[in-house]
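Per our numbering, the very first residue in the sequence shown carries number 343; after that it's consecutive.
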Amino acid sequence: MLHLSAAVDQPSAHDAGSYVELARLAEHGVLDFVTLDDTFARPGLDALAVLSRVAPATGRIGLVPTVTTTHTEPFHVQAAVATLDWVSRGRAGWRLDVSTTEGEARLFGRRHAAPADALWREAGEVADVAAKLWDSWEDDAEIRDESTGRFIDRDKLHHVDFHGTEFSVRGPSIVPRPPQGHPVRVVDASEGQARDIAARYADVALVRSVSAAQTRAVRDQLRAAAVRFGRDPDALRVLASLVVDLGDGEHAAEPGHGGGGPRQTAQGPLYRGGPVDLADLIASWHGEGAVDGFHLTPAEPRRDLERLVNGTVALLQHRGLFRTFYPGSTLREHLGLARPVNQYAGEAS
343 MLHLSAAVDQ PSAHDAGSYV ELARLAEHGV LDFVTLDDTF ARPGLDALAV LSRVAPATGR
403 IGLVPTVTTT HTEPFHVQAA VATLDWVSRG RAGWRLDVST TEGEARLFGR RHAAPADALW
463 REAGEVADVA AKLWDSWEDD AEIRDESTGR FIDRDKLHHV DFHGTEFSVR GPSIVPRPPQ
523 GHPVRVVDAS EGQARDIAAR YADVALVRSV SAAQTRAVRD QLRAAAVRFG RDPDALRVLA
583 SLVVDLGDGE HAAEPGHGGG GPRQTAQGPL YRGGPVDLAD LIASWHGEGA VDGFHLTPAE
643 PRRDLERLVN GTVALLQHRG LFRTFYPGST LREHLGLARP VNQYAGEAS
């Protein structure tokens with residue numbers, strides 16, 4: 343099954359309506375999810391808050407904000423992501439990232455910047471404790487028994503008692519178990535420091551590369567690492583991440599683009615050409631088994647997302663390579679991922 347997603351980043355936009363418009367356009371194209379980036383290194387709206395506003399204005403599209411694990415409290419992060427899953431009725435994801443600069447560290451004043459490998463190890467611990475906290479409420483912990491005045495079955499709440507290198511968390515969470523069990527975790531696995539974290543904890547790994555062969559090699563590495571961590575490699579979706587510039591309309595892709603593959607730029611792999619050539623590239627890479635799908639960042643948000651949905655996606659649907667309706671209501675269902683079993687179910691508190 344081919345999976346497609348898109349970024350809805352708009353650095354100069356500060357109104358909710360523009361994000362709602364792009365998310366609805368992506369939903370019209372039956373894309374799996376949209377992402378919204380965030381970082382402490384530049385000013386801008388809070389991605390999780392924006393997508394919480396987008397949630398009630400959409401019905402099926404997955405919503406994946408970037409939420410950094412550095413300088414933030416793991417307990418608050420997991421509660422916020424769980425809340426987005428409730429607000430969206432099971433369509434939330436979480437793109438993990440780290441903050442590596444001293445300037446970002448000074449915003450908080452709690453500690454100095456650390457090497458990327460240490461920060462990604464910490465991110466893995468945050469991903470681990472988040473899953474434990476999401477499971478700290480069993481699915482039927484809420485009983486709402488008016489006759490006895492009992493809201494919660496306390497035997498179905500669990501302390502996680504997690505001790506990491508930089509933090510400790512007792513739990514339980516303050517938010518009931520999310521509709522998806524675990525909101526979908528997304529990691530950019532392009533850099534070596536993040537690759538093991540993606541293999542161990544991610545449901546979706548993003549890979550930035552300029553050829554199908556490079557992407558397939560990283561996908562094979564991720565799947566092999568997932569096996570070493572005791573995971574089913576088929577439970578990990580690997581998406582090629584490209585910036586797409588469809589400003590040339592139906593003109594053929596520039597040399598080095600289209601069938602020849604993207605070009606490496608300072609912003610990452612860039613495809614420049616028309617929607618038809620992009621559909622050919624997507625079909626080729628997916629058909630070769632190099633990727634499970636694509637995460638596409640429009641160079642010009644509104645223009646390129648519209649051409650992606652009405653051109654590339656429509657053509658892939660016409661060829662029978664991409665779905666024409668959502669198979670379910672949750673992001674996990676879009677991705678073909680099972681709802682995780684609660685790791686504490688059946689235990690005494």
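For each residue, glycine too, the CB sits at the ideal point set by N, CA and C.
Selected residue, minimal CA-CA separation from R517, among A424, A687, T654, V526: Counted from its first residue, the sequence shown places residue 517 at position 175. Note on residue identity: the sequence assigns Val, not Arg, to residue 517. The shortest C-alpha separation from V517 is found at A424.
Coarse secondary structure for H660, derived from DSSP in three states: Here residue 660 refers to the residue found at position 318 when the sequence shown is read from its first residue. Residue state, collapsed to three classes: helix.
Span of the alpha helix (DSSP H) around Y361: As a working mapping, residue 361 is identified with position 19 in the sequence shown. 358 to 370 is the extent of the alpha helix (DSSP H) around Y361.
Near the ligand FAD: V528 beta-carbon under 7 Å from a heavy atom: The ligand FAD is not part of the structure shown, which contains no ligands of any sort.
Whole-angstrom distance between Q420 and F364, CA atom to CA atom: Taking the first residue of the sequence shown as position 1, residue 364 is located at position 22. Taking the first residue of the sequence shown as position 1, residue 420 is located at position 78. Inspection of the sequence shows that residue 364 is occupied by Leu rather than by Phe. In a straight line, the C-alpha of L364 is about 26 Å away from that of Q420.
Residue from A399, A680, F571, L367 with nearest C-alpha to S347: As a first step, residue 347 is located in the sequence shown; it is residue number 5 there, counting from the start. Closest by alpha carbon: L367.
Which listed residue (D482, G506, T377, L677) has its alpha carbon closest to that of D497: Against the sequence shown, residue 497 aligns to sequence position 155. When only C-alpha atoms are compared, the closest one is D482.
Selected residue, minimal CA-CA separation from H413, among T557, F509, H500: Walking along the sequence shown from the start, residue 413 turns up at place 71. Nearest option by C-alpha distance: F509.
DSSP three-state assignment for A632, whether helix, strand or coil: One-based indexing of the sequence shown puts residue 632 at position 290. Reduced to three states, the DSSP call for A632 is coil.
Residue from Y361, G371, V585, T400 whose Cα sits closest to the Cα of R665: On the sequence shown, residue 665 is found 323 positions in, with the first residue counted as 1. It is G371 whose Cα lies nearest to the Cα of R665.
Span of the beta strand (DSSP E), counted from its first residue to its last, around W436: If you number the sequence shown from 1, residue 436 lands on position 94. Looking at the DSSP string, the run of the beta strand (DSSP E) that includes W436 is 435 to 439.
DSSP three-state assignment for H687, whether helix, strand or coil: As a first step, residue 687 must be located in the sequence shown, where it is residue number 345. The question names His, but residue 687 is Ala in the sequence shown. A687: coil per DSSP, three-state reduction.
Assigned exposure category for Y361 - 16 Cβ within 10 Å defines buried: To locate residue 361, count along the sequence shown from 1; it is residue 19. Flag for Y361 reads buried.
Same chain, Cβ closer than 7 Å to P521, five either side skipped, listed in chain order: Against the sequence shown, residue 521 aligns to sequence position 179. The residues are D427, W428, R431, G432, T672.
Exposure label - I485; buried when at least 16 CB within 10 Å: Looking up residue 485 in the sequence shown gives position 143. The residue in question, I485, is exposed, as its Cβ has fewer than 16 Cβ neighbours within 10 Å.
Start-to-end residues for the alpha helix (DSSP H) that takes in S394: Indexing the sequence shown from 1 puts residue 394 at position 52. Looking at the DSSP string, the run of the alpha helix (DSSP H) that includes S394 is 389 to 396.
L449 burial status per 10 Å Cβ neighbour count (16 or more: buried): Here residue 449 is taken as the residue at index 107 of the sequence shown, counted from 1. Its Cβ having fewer than 16 others within 10 Å, L449 is exposed.
Candidates R561, G386, P640, V655, of which the one nearest E630 by Cα: On the sequence shown, residue 630 is found 288 positions in, with the first residue counted as 1. Closest by alpha carbon: R561.
The alpha helix (DSSP H) enclosing N450, as first and last residue numbers: Against the sequence shown, residue 450 aligns to sequence position 108. In the sequence as displayed, the identity of residue 450 is Phe instead of Asn. Residues 444 to 450.
Nearest-angstrom Cβ-Cβ length linking D459 and Q352, presumed shorter than 8 Å: The residue given as residue 459 occupies position 117 in the sequence shown. The residue given as residue 352 occupies position 10 in the sequence shown. About 32 Å separates the two Cβ atoms, so there is no contact after all.
Which of helix, strand or coil DSSP assigns to V693: No information on residue 693 is available, as it lies outside the stretch 343 to 691 that the chain covers here.
H345, buried or exposed, once every other Cβ within 10 Å from all chains shown has been counted against 16: The residue given as residue 345 occupies position 3 in the sequence shown. Burial call: buried.
Close-in-space but distant-in-sequence residues of the same chain around V552 (CB under 6 Å, 5 per side omitted): If you number the sequence shown from 1, residue 552 lands on position 210. G603, P604, Q606, P611, listed in sequence order.
Residue from P643, E648, V526 whose Cα sits closest to the Cα of G404: Locating residue 404 in the sequence shown gives position 62, where the first residue counts as 1. When only C-alpha atoms are compared, the closest one is V526.
Start and end residues, beta strand (DSSP E) containing D487: As a working mapping, residue 487 is identified with position 145 in the sequence shown. That run of the beta strand (DSSP E) goes 484 to 487.
Between the CA atoms of P669 and E675 - distance to the nearest angstrom: Here the question's residue 675 lines up with position 333 in the sequence shown. Here the question's residue 669 lines up with position 327 in the sequence shown. When rounded, the distance between both Cα atoms is 7 Å.
Paired residues, beta bridge with S583 - DSSP: Within the sequence shown, numbered from 1, the residue matching residue 583 stands at position 241. Beta-bridge pairing links S583 to H637.
Sequence-distant residues of the same chain with beta carbon closer than 7 Å to G678, five excluded per side: Residue numbering aside, residue 678 sits at position 336 when the sequence shown is read from its first letter. Hits under 7 Å: M343.
Three-way DSSP call (helix, strand, coil) for G404 in this model: For the purposes of this step, residue 404 is taken as residue 62 along the sequence shown, with counting starting at 1. It is a strand residue.
Reduced DSSP secondary structure (H/G/I, E/B, other) of V546: Here the question's residue 546 lines up with position 204 in the sequence shown. V546: strand per DSSP, three-state reduction.
Nonlocal neighbours in the same chain, by C-beta distance under 6 Å from A399, ignoring five residues either side: For this step, residue 399 is matched to residue 57 along the sequence shown. Closer than 6 Å at the Cβ level, and outside the excluded window around A399, lie V362.
Best match in I624, G615, V586 for proximity to G635 [C-alpha to C-alpha]: Residue mapping note: residue 635 aligns to position 293 of the sequence shown, counting from 1. Considering only alpha carbons, the answer is I624.
Coil, strand or helix - P611 by DSSP: For this step, residue 611 is matched to residue 269 along the sequence shown. Of the three classes helix, strand and coil, the one that applies to P611 here is strand, per DSSP.
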